[in-house]
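Mature numbering (1 follows the signal peptide of the UniProt record, and there is no 0) puts the sequence shown at residues -26 to -1, 1 to 181. These notes concern the structure reproduced below.
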Amino acid sequence: MQTIMNKTLRCLSLSLLALVSSLAFAQKEITFTAGVDKGTCCATKSKPAGNDKITKDGVTIETGYGAFDAQNYNTKANEYRIYKSSTFTATSTIGSITKIVFTCFADGETKHGPGCFSNASTGEYTFESDGPMGTWTGIAPTVSLTATTNQVRASKIVVTIDASTGIKEVENRKEDANAPLYNLAGQRVGKDYKGVVIKNGQKYIQR
């Protein structure tokens, strides 16, 4: 009996470890790099600034008026430009956005710096007063910021997603009678449990 109990506890521990590991890696970073991930507006005569966007791995970044395929005339650096008074919006279809980090071409509140952003639609936006980094934090499927004081230019935008909160994570699957089932609280449940369950680190609906 003791041997059976030890085996059962060992299996349960391994199952819980797999569950915790799957949840720990639920966060995902989507990196947009200027010159690599491009929009359609270059801020040139042939491709003037305007509404521009890029979609990558279920995340879309968009500006109401700017250029996501711009190049600095003097330095030749590739830039994401969000012009003064226009909005920057990030939208996710794979889970809630929990963080957005901007790496800009200027520091603080100077022209092209992260301090030119304000008016976050939700959450909190902060920036380095003497550095090029701006960071939004919160929990939302869509986030907007406005370039209120001046134009913002960024070399990189990193969007962090909590994929465990995304509806895309819930799927209809046939029941596997040999795998242990857990509810969202991490408690083991039986085959008669109705609702969202976790099996082998994956979520699905048990009807």
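Glycine included, each C-beta is placed from N, C-alpha and C at the ideal position.
Using a C-beta cut-off of 8 Å, the segment 40 to 57 makes contact with the segment 117 to 132, since at least three inter-stretch Cβ pairs fall below that distance. Per the C-alpha coordinates, the member of M107, I135 and E102 positioned closest to T116 is I135. Cβ-Cβ distances below 6 Å link V132 to E3, T5 and V75 in the same chain, with the five nearest sequence neighbours on each side left out; the list follows chain order. Under the Cβ criterion (8 Å, minimum of three pairs), the segment 84 to 100 does not count as touching the segment 28 to 39. Judged by DSSP secondary structure, S138 falls outside any beta strand (DSSP E); it is assigned neither H nor E. For C16, the closest of T29, Q1, A(-1) and N52 by C-alpha to C-alpha distance is N52. Following the DSSP letters along the chain, one finds K30 inside the beta strand (DSSP E) bounded by residues G24 to K30. For Q1, the enclosing beta strand (DSSP E) stretches over residues Q1 to T7. I131 is bridged by DSSP to F6 and F76. Cβ-Cβ distances below 7 Å link Y57 to A23, Y39, G40, A121 and Q125 in the same chain, with the five nearest sequence neighbours on each side left out; the list follows chain order.
If you draw a 10 Å sphere on the C-beta of G169, you find fewer than 16 other C-beta atoms in it, and that means exposed. L119 and F79 do not touch by the CB rule: their CB atoms are close to 17 Å apart, not below 8 Å.
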